[in-house]
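Visitor:
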Amino acid sequence: MIAKRDVRTLVIVFAAILIALGVLWKCGVFGVRGDRVTADAQKSMEIARSWSAVEDGNAKQVTGIFYDYDQAPLKGICYCYVNRPGVSCGFFFRQSCKLDRDMGIRKLDLGQYGAAYVSLNSQQVAKVIRDDGTKPVTKSVSPYSPFVIVSEKRDCAFHFYDEGGREVPVSGAEAVVRD
3 MIAKRDVRTL
13 VIVFAAILIA
23 LGVLWKCGVF
33 GVRGDRVTAD
43 AQKSMEIARS
53 WSAVEDGNAK
63 QVTGIFYDYD
73 QAPLKGICYC
83 YVNRPGVSCG
93 FFFRQSCKLD
103 RDMGIRKLDL
113 GQYGAAYVSL
123 NSQQVAKVIR
133 DDGTKPVTKS
143 VSPYSPFVIV
153 SEKRDCAFHF
163 YDEGGREVPV
173 SGAEAVVRD
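All residue numbers for the sequence shown refer to my numbering, where the first residue is 3 and numbers rise by one.
1. Taking just the CA atoms, how far does S147 sit from R103?
2. Using only the alpha-carbon positions, how far apart do Q97 and Q126 sit?
3. Roughly how many whole angstroms lie between the Cα atoms of D42 and W53?
4. Just the Cα atoms here: how many angstroms apart are G92 and R10?
5. Which residue comes first and which comes last in the beta strand (DSSP E) that contains P46?
6. Taking only runs that begin and end inside the stretch 110-171, name each unbroken beta strand (DSSP E) of 3 or more residues, in chain order.
7. Spell out whether any CB of chain C is found under 8 Å from the CB atom of Y81.
8. Pick out whichever of T136, V150, V139 and A128 has its Cα sitting closest to the Cα of C168.
9. Taking only the alpha-carbon atoms, compute the straight-line gap between F160 and A18 and give it to the nearest angstrom.
10. Let's test the definition: count the other Cβ atoms within 10 Å of the Cβ of Y119 and tell me whether it reaches 16, buried, or not, exposed.
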């Protein structure tokens with residue numbers, strides 16, 4: 003049989019664990035799981051469920067775009083979540099910005115978290131080549147849909163090409179996020 007003293011000890015230990023978890027939560031140690039970033043961004047930015055989303059991510063960041071094809075001209079909202087170094091678990095909101103079709107390809111410099119390229123794709127980009135100085139990597143994208151490309155390195159060279167093979171410059175202003 004369990005003594006009253008043992009029950010009291012268990013209750014005190016359980017309460018201490020709950021208090022410690024509460025303190026960690028308030029200190030911002032727990033973020034959003036990677037598979038829940040889009041849902042969290044949609045809820046926190048109050049984006050209608052009818053809007054479409056596209057995202058890309060890695061271990062350091064998740065960046066995405068919400069857009070609505072029913073809007074004319076096409077507009078969108080970009081969001082970035084980062085996985086902070088040190089004692090943290092999950093991704094934390096870092097920034098958002100508005101996009102419009104005339105912006106072209108916009109580079110987001112996320113400092114130690116890398117970089118992201120976002121576009122509503124009015125230039126009909128179909129191919130992206132990432133050249134980090136070793137072996138170039140080619141990725142296909144739909145020329146008729148918005149896209150997001152993320153990189154763990156912010157100084158990696160990216161080249162964008164339309165369906166005809168013509169290079170499309172990064173035309174949008176670079177957004178820099180300070181650490």
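Ideal Cβ placement from N, Cα and C applies to all residues, glycine included.
Guide: Reading from the atomic positions:
1. Using only the alpha carbons, I get a separation of about 11 Å.
2. Answer to the nearest angstrom: the Cα atoms are 26 Å apart.
3. Across the structure, D42 and W53 are spaced so that their CA atoms are roughly 14 Å apart.
4. If you take the alpha carbons of G92 and R10, they lie about 34 Å apart.
5. Before going on, a small fix: residue 46 reads as Ser here, not Pro. First-last for S46: V39 to S46, but that is the alpha helix (DSSP H), not the beta strand (DSSP E).
6. Counting whole runs of 3 or more residues, the stretch 110-171 contains the beta strand (DSSP E) stretches 117-121, 127-133, 139-142, 149-153 and 159-164.
7. No chain C appears in this structure, which consists of one protein chain only.
8. Inspection of the sequence shows that residue 168 is occupied by Arg rather than by Cys. Closest option to R168, judged by alpha-carbon separation, among T136, V150, V139 and A128: A128.
9. Cα to Cα, the separation comes out at about 50 Å.
10. If you draw a 10 Å sphere on the C-beta of Y119, you find 16 or more other C-beta atoms in it, and that means buried.
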